[in-house]
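As structure tokens, the structure follows; a few thoughts come after it.
Residue numbers (my numbering): 697 to 1266.
This is the structure in structure tokens:
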């Protein structure tokens, strides 16, 4: 028997609802010879909250979900309070500390605190890692070498770093991400009730990956290719979830729910099935401008929630730069449908600090909101600072906190003049996230210093103590500006250890197209008037024929589900 704890470095109200945590918990719980537990961060300095009451030091493996760079101090707090040495080099007969999740693809600042980092999908890779750790013999270093032979496993202590272009870069074989090809092989958990607190619904992941190719979006790059769950699997999970958990709202979600090959038939068939059980369907991340007007109207009529407008930029020129596939005509048509359907309050999401952005682009955000009011809408605009993330075409761009503050000022000024409600969620303080995202292994000392100064829950803007982070950088003699500055396109980076499937040159090609204002249409789908799906040879190696066949089969299945529902209706 090997004891494993899934640790989420945030509040239980967040972690208990996290899709990845729920999936891994189900997989490990069903795995022979594994005793599984869960753990969350506490606002106090007390030991982390495990469901069994055990200390983290009593486990064989502790796996941390790395969803944001701003949870790194919480990771240290949980490890330390759990009675485990902070740094990998200080551990001997201690639990194996594993980091996994989105930031595992660029986790060099956290590397000295992790024994191994798991890159990619965890459904197959994490149980394989757990078994290998259980079976490995010899010293701790020899056991780590055994883990490093597995796909997706990066053991930082086995890599030497050298200074390249002013940054520490790990030298050694690149680690190929773990990839699950068939999501239906891992049925989504249906017996997890939502926790009390911030969220009151249970979610079902209907797809992984995205075809849109937005140039600012890391998830859209590292989770390629798109993989969809079958309509039957989604419906079965939803019905079972309601029956077992008594949940009253079920959300279907993915990076871009509107791009699911049979989203229309799926929503039309699932909404009444869910309603018949006394629950409500919520469609997360569904861009209202990306689905047909008839479906939007039907969703509004049935009370299906989740419609959003996320143009990210207010001018067509800038949307072309960031490859956001939406026009102003799309936005106003979608907003009009929502207003006519009885939804006056419309939420829009934008970013500031995007490459090539001008003052006119920023002020256009408030102006677009003002024009939406002429339709009878009540726009609620949220704005975040763009953080150039690794493994995106914008990874070489600079992040300038003062420039972000200046742009936020332009937006507030324009919004006040027009009487438009604008909320800026992350502005100047986003430099902490930017530095950690683009950092090298030297930033480990900054993270540890910030932790010792009292930084916790930095992912929550009202908890982020920027002055302590400034002090931590100063004490360690590392200027944050070094990590925020622009970099030469194509130069080696601290995150080169992670092979996320993209061929060398793809991100640079997309960067060049962005600077020309040239959009790249969504991949995996044919352009109007064409039969062959678009492919940019990004390196993922999609089987375009198999994708077309799979989509056609799922559409047939969804329509069959819809017909069965219609025949069963009174």
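By construction, the Cβ of each residue, glycine as well, lies at the ideal position given by its N, Cα and C atoms.
Residue i and residue j closer than 8 angstroms at C-beta
i            : j            : result
residue 801  : residue 1087 : yes
residue 928  : residue 1258 : no
residue 760  : residue 795  : yes
residue 1224 : residue 1240 : no
residue 743  : residue 797  : no
residue 907  : residue 1175 : no
residue 874  : residue 848  : yes
residue 882  : residue 723  : yes
residue 1238 : residue 921  : yes
residue 1089 : residue 911  : yes
residue 965  : residue 898  : no
residue 923  : residue 956  : no
residue 850  : residue 871  : yes
Secondary structure of residue i, DSSP reduced to three states
i            : result
residue 857  : strand
residue 802  : helix
residue 850  : strand
residue 1274 : The structure shown does not extend to residue 1274, since the chain is modelled only from 697 through 1266, so no value can be given for it.
residue 1172 : helix
residue 863  : strand
residue 832  : coil
residue 1093 : coil
residue 882  : coil
residue 753  : helix
residue 697  : coil
residue 1018 : helix
residue 1054 : coil
residue 1039 : coil
residue 1200 : coil
residue 789  : coil
residue 994  : helix
residue 746  : strand
First through last residue of the beta strand (DSSP E) which encompasses residue i
i            : result
residue 980  : 976-983
residue 1078 : 1074-1081
residue 1143 : Segment 1139-1149 is the alpha helix (DSSP H) holding residue 1143; no beta strand (DSSP E) there.
residue 898  : 898-901
residue 795  : 792-796
residue 948  : 945-949
residue 736  : 730-736
residue 1002 : 1001-1008
residue 812  : 812-814
Span of the alpha helix (DSSP H) around residue i
i            : result
residue 1106 : 1097-1114
residue 1122 : Counting along the chain, residue 1122 falls outside any alpha helix (DSSP H), though it belongs to the beta strand (DSSP E) covering 1118-1122.
residue 769  : 768-777
residue 711  : 708-711
residue 1235 : Residue 1235 -> no alpha helix (DSSP H), and no H or E assigned at all.
residue 1035 : 1024-1036
residue 962  : 959-972
Minimum Cβ-Cβ distance from residue i to chain D less than 8 angstroms
i           : result
residue 956 : Checking the listed chains, one finds no chain D in this structure; it contains a single protein chain.
C-alpha gap between residue i and residue j, whole angstroms
i            : j            : result
residue 1153 : residue 772  : 11 angstroms
residue 1054 : residue 903  : 35 angstroms
residue 1026 : residue 985  : 5 angstroms
residue 1134 : residue 1193 : 13 angstroms
residue 711  : residue 737  : 9 angstroms
residue 1044 : residue 843  : 45 angstroms
residue 825  : residue 943  : 33 angstroms
residue 1251 : residue 980  : 20 angstroms
residue 862  : residue 1185 : 14 angstroms
residue 1102 : residue 988  : 38 angstroms
residue 1012 : residue 809  : 44 angstroms
residue 858  : residue 1140 : 16 angstroms
residue 995  : residue 1001 : 8 angstroms
residue 805  : residue 1169 : 13 angstroms
residue 823  : residue 935  : 28 angstroms
residue 1190 : residue 976  : 45 angstroms
residue 1058 : residue 1033 : 26 angstroms
residue 1158 : residue 747  : 27 angstroms
Local Cβ density within 10 Å of residue i, reported as buried at 16 or more and exposed below that
i            : result
residue 1115 : exposed
residue 790  : buried
residue 1227 : exposed
residue 1082 : buried
residue 887  : exposed
residue 786  : exposed
residue 728  : exposed
residue 704  : buried
residue 845  : exposed
residue 869  : exposed
residue 1005 : buried
Heavy atom of the ligand ATP within 7 angstroms of residue i beta-carbon
i           : result
residue 815 : The ligand ATP is not part of this structure, which contains no ligands at all.
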